[in-house]
Each structure stands twice: as structure tokens, then as C-alpha cells.
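In my numbering, the protein residues as written are -18 to 327.
The next block holds one structure in the form of C-alpha cells; read it before the comments.
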Ligand code: PEP
Ligand code: MN
């Protein structure tokens, strides 16, 4: 249990409070971090039962359960949301940022055509996998470095940032050389050596929730990255595996407001992997902005049926254009502006 104290609490007030706690049977220690004074109750979890009692004590502003496994990502460590700024784009800064592009980079022409189209519709960031985590070793594994070079060129041509997945520690420098954001995929959410390694570089990381990860496991994974010194982490809810088999995954939309309570990190949604069904993707994107996520990452292709990977969940550029219109309307209703470039040609 952590008691956050009022800024007006002086040393003698804190001592008096410690004494009062002692008389209630609790030992505590004072901690001062990021300008916030806290009292950490040391007598284990039984203290949780007394949260309302603690909240009523003088100078106690807020009571929060202590959780040592996610200290740096915790909302209580930093009272305001983290904003990740990459060039002109701010993620977590109050505008809804759209990342769009194919599941996999296939050819130079393909990534250029898609980049041109999503950029015209107002996307800020181009997505595309060059190293693909595939369930079967016989499935298309991605075009590798050549694809990253095409994507970088396409992003620069159409004034976009770009994001791509890195699957292992050996490839970090290579992928980081081409992209603005490194994606850690769902299957690697608990690849601790990879998390530590991306924590050592100063490049934003998009961390996807593991397919069977709890919120706390998700946050603890992010904590690994922050713990190594890289605080530019964006969390992505991308659906979890449930008993439902009709859809590929079950998009846990509640993850957005729940994680918002727990962490200061930006949170985005992936409606494509979240349901795995093309026709449902726009509705899930609408849900993402309705719950005030910081953005989304969506799979878009100029010819979705011909996508080499994830065709069934990839939307067309025309559907993407409609989706952007409806995101703007919902954004207006919930006070969240969809980020659009000045130069867009809607
Ligand atoms: C992807 O973004 O293409 C991807 C493989 O995502 P996930 O790790 O969420 O399955
Ligand atoms: Mn995909």
C-alpha cells in the first residue's frame, strides 16, 4: 500500500502520520520521488483491506496498492500521461494517431501505393512487417532488409513515419536504422532479452500485448524496457485468445480504460489482429476512439485479397478512407481529434 501525501505535508506532519500508523499496527517508510512524498506501508498485503481507513488520515491525498513489478510504468509515479514525440507527431498528446499499412511489405510498388493512399487519408505512420512472426515455418517470413529500405523510402516520400517489427536482438540495429518505431510483437511480449535490449536504445517501442497476457504481465513487460532506460513505450491492445473461435482473437477494448488507470504510457488499439475479420475492423476502430485510445494500428492494402499475409483481416484503401471519416465524427463526440496532416487531400 502506498499513501500519496498532500504537497502541504511538513516533516512534523509526516512524523505524526507515521506515529498514527504505528499505533494502528503499521510500519511505514517515507519516500520522495518525482516531487511526490509517499508513505509505503511495510506490513504486507493485509494493509489493502484498510485502504479507506488510510484515505481518511490527515494529509493523505490518495491510496494506491503497491506493486513492485511495475514501478516505472505506474500511473502513480508520474501523474500526467507520457507523450512520445517523433518529429511532428505526438503519441499520447491528446490527438488520435493512426498507423496504417500492409501486414507484410511485399514489393516496392505495393508499399509505395499503400503509403500514398493512407497518407492522403490522413494516417501519420506507415506500418509494414519485413520480419514476420508466422505460426508455421512454411508461411511467408517477410522480405527482410530490402523491405525496410522500401518502406523508409515510401514513408519519406509521403511524409509519414514508419513502424516495423523486430523479432530478435540481433536485428535491433538493422531495424532501428530504417524505422521510427520498433514493434515488439505479441508472441515476443515476454521475450525478456529482447525487451531489455530495446530498453537500451533510444527509439520508441510499440509493445503489443501477448495473446494470453494479463494487464499486469503486459505492464511488467513494458517495465523491462523502461528499467533499461528507454521510457518511450507505446502499449498496444491487439486482442487476446479466449474460448471464442468465430473471430481470430477477442479485442479487449476495456484494456484501454483499465490500463489508463494503471499507467502513464500511451495506449493504442490494433483492430485488425484484434478480431481478424475485415468487415468488423472499422467498428472496432470506432470503439478504440470512443474509449479514447491514443491511436490505432490497422492493416490496409490496395488489393486486400492479394495480401500475402493476414488477407482476411486487411481492409481496402476505400474502407480505410471511410473509416477515417467516421473516426473524425466519433472523435468530435468524445473530444479527441484525429491527427491529420495539413497537406492531406481528403
Ligand atoms: C503484426 O502486426 O503484423 C503482428 C504480427 O502483430 P501481433 O504481434 O499482434 O500478432
Ligand atoms: Mn498481420
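The beta carbon of each residue, even a glycine, is placed where N, CA and C say it ideally should be.
Annotated as proximal: residue 83 and residue 282, with beta-carbon spacing under 9 Å. At a threshold of 8 Å, residue 158 does not count as near the ligand PEP, since its beta carbon sits no closer than that to any of the ligand's heavy atoms. Contact between the region 74 to 92 and the region 283 to 298 is present, with at least three C-beta pairs closer than 8 Å. Taking all protein chains in view, the Cβ of residue 225 is surrounded by fewer than 16 other Cβ atoms within 10 Å, so the residue is classified as exposed.
Going down the chain, each residue whose beta-carbon is closer than 5 Å to a heavy atom of the ligand MN shows up: 84 and 291. DSSP, read as helix, strand or coil, puts residue 269 in helix.
Its Cα nearest to that of residue 102, the residue 78 stands out among 44, 78 and 167.
Sixteen is the threshold: when 16 or more other Cβ atoms of the shown chains lie within 10 Å of the Cβ of residue 245, as they do, the residue is buried. Using a cutoff of 8 Å, the CB of residue 146 counts as near the ligand PEP, since one of the ligand's heavy atoms is closer than that. Residue 133 carries a helical assignment under DSSP once its states are collapsed to helix, strand and coil. Secondary structure at residue 208: helix, using DSSP grouped into helix, strand and coil.
With a cut-off of 8 Å, the C-beta of residue 114 is classified as near the ligand PEP, since at least one heavy atom of the ligand falls inside that distance. In this structure, DSSP gives residue 80 an extended state, which the three-state scheme calls strand.
The Cβ-Cβ distance between residue 192 and residue 241 does not fall below 9 Å. For residue 143, the shortest C-beta to heavy atom distance toward the ligand PEP is 8 Å or greater. C-alpha of residue 19 to C-alpha of residue 8: approximately 13 Å in a straight line.
Of the residues assessed, residue 10 falls on the exposed side of the cut-off, its CB having fewer than 16 other CB atoms within 10 angstroms. In this structure, the straight-line span from the alpha carbon of residue 6 to that of residue -6 is close to 18 Å. The beta carbons of residue 215 and residue 249 sit about 6 Å from each other, so the pair counts as a contact at 8 Å. With the rule of 3 Cβ pairs closer than 8 Å, the region 126 to 138 does not count as touching the region 164 to 182.
Less than 9 Å separates the beta-carbon of residue 228 from that of residue 258. Residue 280 has its CB nearer than 8 Å to a heavy atom of the ligand PEP. Residue state for residue 99 is assigned as helix, using DSSP reduced to three classes.
In the structure shown, residue 176 adopts helical secondary structure according to DSSP, grouped into three states.
Under a 10 Å Cβ-count criterion, residue 266 is classified as buried, with 16 or more other Cβ atoms of the shown protein chains found around its own Cβ. Residue 197 carries a helical assignment under DSSP once its states are collapsed to helix, strand and coil.
In the three-state reduction of the DSSP assignment, residue 276 falls in the strand class. The beta carbon of residue 150 sits closer than 8 Å to those of 174, 175 and 178, all from its chain and outside the five residues before and after it, given in chain order.
Placement of the Cβ of residue 166 at a distance of less than 8 Å from at least one heavy atom of the ligand PEP is found. Residue burial annotation: residue 55 is buried, with at least 16 other C-beta atoms found within 10 angstroms of its C-beta. Using a Cβ distance threshold of 9 Å, residue 256 and residue 300 do not count as a contacting pair.
Under the three-state reduction of DSSP, residue 126 is assigned to helix.
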